[in-house]
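Numbering (this note's numbering), first residue to last: 3 to 142.
Beta carbons are placed, not taken as given, at the ideal position from N, Cα and C, and that holds for glycine.
Remember, predicted model here, so these are calculated numbers, not experimental data.
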C-alpha cells in the first residue's frame, strides 16, 4: 500500500494551499477530491459573487483578475482561477475519489477511498462548507 507524507482531503483553496506547501517541501502527497477541482465553489449559485475581493482570494502571489464590478469575482472566475492554480503548481489531485473512512493504524493513518486505500503520515481535512463532517453519535 502506498505511503504518503500527507493526505489532503479537499481541493478547494485550503486544500490547494496545503498541496502547494507539500510540493515546495518535496513531500509525497495526494489531494483527494470527491468531485472536480474546487468542487464546493462549483456548487455555489451560478450568478453569485464573492464577498472578498480578488486580491484577498489570491494564492501564492498568482494574480486573480476579475472583470466583475467592485473587483469581487464571480463563481465562474473563481473556478477558472483555482483550476489555473492547480495546473501552475502541477498539484497531485485525485478527482472524483471519495474518501470513505480515515482510521489510525499504528503510527500511520489509513485513508480508505472508493479508488483504493492509502497510508499517510499526516492527514489534512480541507473539506468545503457543504461537506463538513457532522457526527451525531448515533450507533449503526
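So the candidates are the options; which of them puts its Cα closest to the Cα of residue i?
{"i": "residue 36", "options": "108, 44 and 75", "result": "44"}
{"i": "residue 87", "options": "11, 54, 18 and 98", "result": "18"}
{"i": "residue 97", "options": "50, 12 and 108", "result": "12"}
{"i": "residue 99", "options": "106, 117 and 110", "result": "117"}
{"i": "residue 57", "options": "80, 85, 38 and 115", "result": "80"}
{"i": "residue 119", "options": "84, 85, 104 and 129", "result": "104"}
{"i": "residue 65", "options": "52, 84, 27 and 49", "result": "84"}
{"i": "residue 42", "options": "14, 114 and 60", "result": "14"}
{"i": "residue 115", "options": "16, 30, 34 and 68", "result": "34"}
Given a cut-off of 9 angstroms, decide if residue j and residue i are closer than it, judged by their beta-carbon atoms.
{"i": "residue 3", "j": "residue 121", "result": "yes"}
{"i": "residue 125", "j": "residue 40", "result": "no"}
{"i": "residue 54", "j": "residue 77", "result": "no"}
{"i": "residue 128", "j": "residue 20", "result": "yes"}
{"i": "residue 51", "j": "residue 38", "result": "no"}
Alpha carbon to alpha carbon, how far is residue i from residue j?
{"i": "residue 107", "j": "residue 101", "result": "16 angstroms"}
{"i": "residue 7", "j": "residue 110", "result": "10 angstroms"}
{"i": "residue 62", "j": "residue 23", "result": "10 angstroms"}
{"i": "residue 5", "j": "residue 27", "result": "17 angstroms"}
{"i": "residue 123", "j": "residue 91", "result": "22 angstroms"}
Per DSSP, what are the beta-bridge partners of residue i in this structure?
{"i": "residue 9", "result": "32 and 125"}
{"i": "residue 110", "result": "107"}
{"i": "residue 95", "result": "33"}
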